Amino acid sequence: MAELFGFQIRRKSEEPEQTKNEKSFVPPTEDDGAVVVSAGGVYGTYVDLEGSAKTEAELVAKYRTMAMHPEVDFAIDDIINEAIVTDVNEDVCSIVLDDIEYSENIKNIIREEYDNVLEMLNFKNRAYEIFRQWYVDGRLYYHAVIDTENPQDGIKELRFIDPRKIRKVREVKKSKDPGSQISLQRVKQEYYLYNEKGFNTNQQSSSTGTQGVRIAKDSIIHCTSGLMDVNSSLVLSYLHKAIKPLNNLRTLEDATIIYRVSRAPERRIFYIDVGNLPKMKAEQYLRDMMVKHKNKVVYDATTGEIRDDRKFMTMLEDYWLPRREGGRGTEITTLPGGQLTGELSDVEYFQKKLYQSLNVPVSRLIQESTFNLGRSTEITRDEVKFSKFVDRIRNRFSALFLKTLEKQLMLKGIINSEDWEQMQNWIKFDYARDNFFAELKDIDIMRERVQILRDMEDSAGKYYSHAWIRKNILQQTDDEIEEIDAEIQEEMQNPQYNPMIDQQNQQGEPNGPPPSDQEEQQ
475 MAELFGFQIR RKSEEPEQTK NEKSFVPPTE DDGAVVVSAG GVYGTYVDLE GSAKTEAELV
535 AKYRTMAMHP EVDFAIDDII NEAIVTDVNE DVCSIVLDDI EYSENIKNII REEYDNVLEM
595 LNFKNRAYEI FRQWYVDGRL YYHAVIDTEN PQDGIKELRF IDPRKIRKVR EVKKSKDPGS
655 QISLQRVKQE YYLYNEKGFN TNQQSSSTGT QGVRIAKDSI IHCTSGLMDV NSSLVLSYLH
715 KAIKPLNNLR TLEDATIIYR VSRAPERRIF YIDVGNLPKM KAEQYLRDMM VKHKNKVVYD
775 ATTGEIRDDR KFMTMLEDYW LPRREGGRGT EITTLPGGQL TGELSDVEYF QKKLYQSLNV
835 PVSRLIQEST FNLGRSTEIT RDEVKFSKFV DRIRNRFSAL FLKTLEKQLM LKGIINSEDW
895 EQMQNWIKFD YARDNFFAEL KDIDIMRERV QILRDMEDSA GKYYSHAWIR KNILQQTDDE
955 IEEIDAEIQE EMQNPQYNPM IDQQNQQGEP NGPPPSDQEE QQ
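Using my numbering, the letters of the sequence shown map in sequence onto residues 475 to 996.
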């Protein structure tokens, strides 16, 4: 087995393979799109990436091509503008460590390392581009560059890797359970395979199946969309649902243009009386008439000139039909142009279907509609769904920060793997928000709760306890109740919030020493 390129973080939980007692007949379910291969045996390890990696590279190329279309680009831009809000007075994404039970000193160190991660990503200036790249491709790869002689210094640089040139591989060792004889599978090793030329070539070697560099798992930061195909083998992008609607829209638009161009002009029908002329002479006479009636004066739309160009207006726009003696004489009629050239209902239908496949409210994509800051009761269901969709993709994208922060903290020895397993589920990320509709919804919910609380004022302490009202009407948790009570007690002693304290102080303070008996007599 060749040595892997890059660094590996040794974890205390890692034990020798022969001492592990975990048994399963299926590999662990992952959404990273890794290629699962069987390791060991007579022929050794054979990683056939040609099929799956080539398909994945083709998908990424298709997604990027789709993003170039105006309708798709408009929808992507609207999604990313909601997910990534850049404000000079507010961070794009800040880390929240309130739920972590560690000292404030450790929390400050974690915040400082998180700021270093954002600085290496240049996230403050490139947040839009990074998020868009992840959203379109459905995956992000970064190489964590460290100083091999001083790994405790942490990550020095994060270099972007084209997803068409790298693929994750998971080697699985199969064995049989002695008792039940069931075939068991255990993950033996995970690594990444990088090919500078991509996986579209047919270059193969007998040892790896595809030429490339094997890179250690810890050296790569991998973040995916979480969407998988039906076989759970390929990672999909959020644009995958829009492939068919986009193709339908493009086909219908092309067909509409072709129909309009071909059916726009009115065509003339010339019925030429050829009498009893023989066939050859009748055809020659018909050709002479066609040349005679050709349009000779042509307007050139590119230069604005009127010129004589017989090739511009061909006689395919007119129909010439001979008539024999005994029928009607020479006649010229007009064939009208297409009557449905202004019909766009079909195009608009597929356009709306494309927007729906991208989870963007159709009302946002209507150019004539204006932005209305109304009540939340006027917000459509699509806007609420869109707000939840943005929150989901934000949460998924946050894995990029988590994985980078994990490697940074463990390389510097700030925490170990056991500490990270405990804290990673409690780390939260707060994105700057610009969704006015979500804010209106929260305000209306609070207004309704306060209204109910006002209506139950006479029943408090009589039919309902104050604790029940706070938990069920105001939806306050036990921690929030304890925190709010402490704040109320603190504010009761603060003259800024309780003006009665100033009055009591003024009434209780003496104006001077009490007067003596002589002063009273005087």
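Glycine included, each C-beta is placed from N, C-alpha and C at the ideal position. Source: prediction; values computed, not measured.
{"Check": "Same chain only: Cβ atoms within 6 Å of Ile889, ignoring 5 sequence neighbours per side", "Outcome": "Leu883"}
{"Check": "Where the alpha helix (DSSP H) containing His940 begins and where it ends", "Outcome": "940 to 946"}
{"Check": "Extent of the continuous beta strand (DSSP E) run through Arg798", "Outcome": "793 to 798"}
{"Check": "Residue(s) in a DSSP beta bridge with Ile635", "Outcome": "Tyr615"}
{"Check": "Under the three-state DSSP convention, the category Ala557 falls into", "Outcome": "helix"}
{"Check": "Best match in Asn582, Asp636, Val509, Ser693 for proximity to Ile620 [C-alpha to C-alpha]", "Outcome": "Ser693"}
{"Check": "Contact the stretch 828 to 839 vs the stretch 546 to 566: 3+ CB pairs below 8 Å", "Outcome": "yes"}
{"Check": "Short Cβ contact (9 Å threshold) for Arg641 with Val509", "Outcome": "yes"}
{"Check": "When Pro719, Arg734, Asp547 are compared against Leu818, the one with the closest alpha-carbon", "Outcome": "Arg734"}
{"Check": "Where the beta strand (DSSP E) containing Ile640 begins and where it ends", "Outcome": "640 to 650"}
{"Check": "First and last residue of the uninterrupted beta strand (DSSP E) at Asp774", "Outcome": "Taken as a continuous stretch (DSSP letters only), Asp774 belongs to no beta strand (DSSP E), as it is neither H nor E."}
{"Check": "Environment of Met920 [buried if 16+ CB atoms lie within 10 Å]", "Outcome": "exposed"}
{"Check": "Proximity below 9 Å, CB of Pro625 to CB of Phe481", "Outcome": "yes"}
{"Check": "Phe634 and Ile558 closer than 9 Å at C-beta", "Outcome": "no"}
{"Check": "Validate contact between the stretch 656 to 671 and the stretch 688 to 703 using beta carbons, cut 8 Å, 3 pairs", "Outcome": "yes"}
{"Check": "Proximity winner among Ile629, Glu593, Asn869, Lys826, relative to Gly700 (alpha-carbon distances)", "Outcome": "Asn869"}
{"Check": "Identity of the residue in Asp792, Asn599, Lys536 nearest Lys718 by Cα", "Outcome": "Lys536"}
{"Check": "Contact under 9 Å by Cβ, Asp636 with Tyr615", "Outcome": "yes"}
{"Check": "Which listed residue (Ile629, Asp929, Ile947, Ala531) has its alpha carbon closest to that of Val591", "Outcome": "Ile629"}
{"Check": "Host beta strand (DSSP E) of Ala690 (start-end)", "Outcome": "687 to 690"}
{"Check": "Bridge partners - Thr698, DSSP secondary structure assignment", "Outcome": "Arg613"}
{"Check": "Contact belief for Val687 with Val511 at Cβ below 8 Å, rounded distance in angstroms", "Outcome": "That belief does not hold up - the Cβ atoms of Val687 and Val511 are roughly 17 Å apart, past 8 Å."}
{"Check": "Contact belief for Ile746 with Arg797 at Cβ below 8 Å, rounded distance in angstroms", "Outcome": "7 Å"}
{"Check": "Span of the beta strand (DSSP E), counted from its first residue to its last, around Leu667", "Outcome": "657 to 668"}
{"Check": "Ile584: first and last residue of the uninterrupted alpha helix (DSSP H) it sits in", "Outcome": "578 to 595"}
{"Check": "Under 9 Å between C-beta atoms of Tyr588 and Phe875", "Outcome": "yes"}
{"Check": "Where Ser891 falls: helix, strand or coil (DSSP)", "Outcome": "helix"}
{"Check": "Limits of the alpha helix (DSSP H) - the one that Val761 falls within", "Outcome": "For the sequence presented, residue 761 should be read as Arg rather than Val. Counting along the chain, the alpha helix (DSSP H) containing Arg761 begins and ends at 753 to 766."}
{"Check": "Leu710 - DSSP class collapsed to helix/strand/coil", "Outcome": "strand"}
{"Check": "Inter-residue Cα distance where the pair is Asp438 and Lys753", "Outcome": "What is shown of the chain runs 475 to 996, which leaves residue 438 out entirely."}
{"Check": "Residue range of the unbroken beta strand (DSSP E) whose run includes Arg742", "Outcome": "741 to 749"}
{"Check": "Of the residues Glu857, Gln925, Arg928, the one placed nearest Leu914, counting alpha carbons only", "Outcome": "Glu857"}
{"Check": "Backbone CA spacing between Leu710 and Ile867 [nearest angstrom]", "Outcome": "14 Å"}
{"Check": "Limits of the unbroken beta strand (DSSP E) element including Phe903", "Outcome": "902 to 905"}
{"Check": "Whole-angstrom C-beta distance between Glu670 and Lys691, which should lie under 8 Å", "Outcome": "At roughly 20 Å, the Cβ-Cβ gap does not stay under 8 Å, so Lys691 and Glu670 are not in contact."}
{"Check": "Residue burial classification, Met966 (beta-carbon count within 10 angstroms, cutoff 16)", "Outcome": "exposed"}
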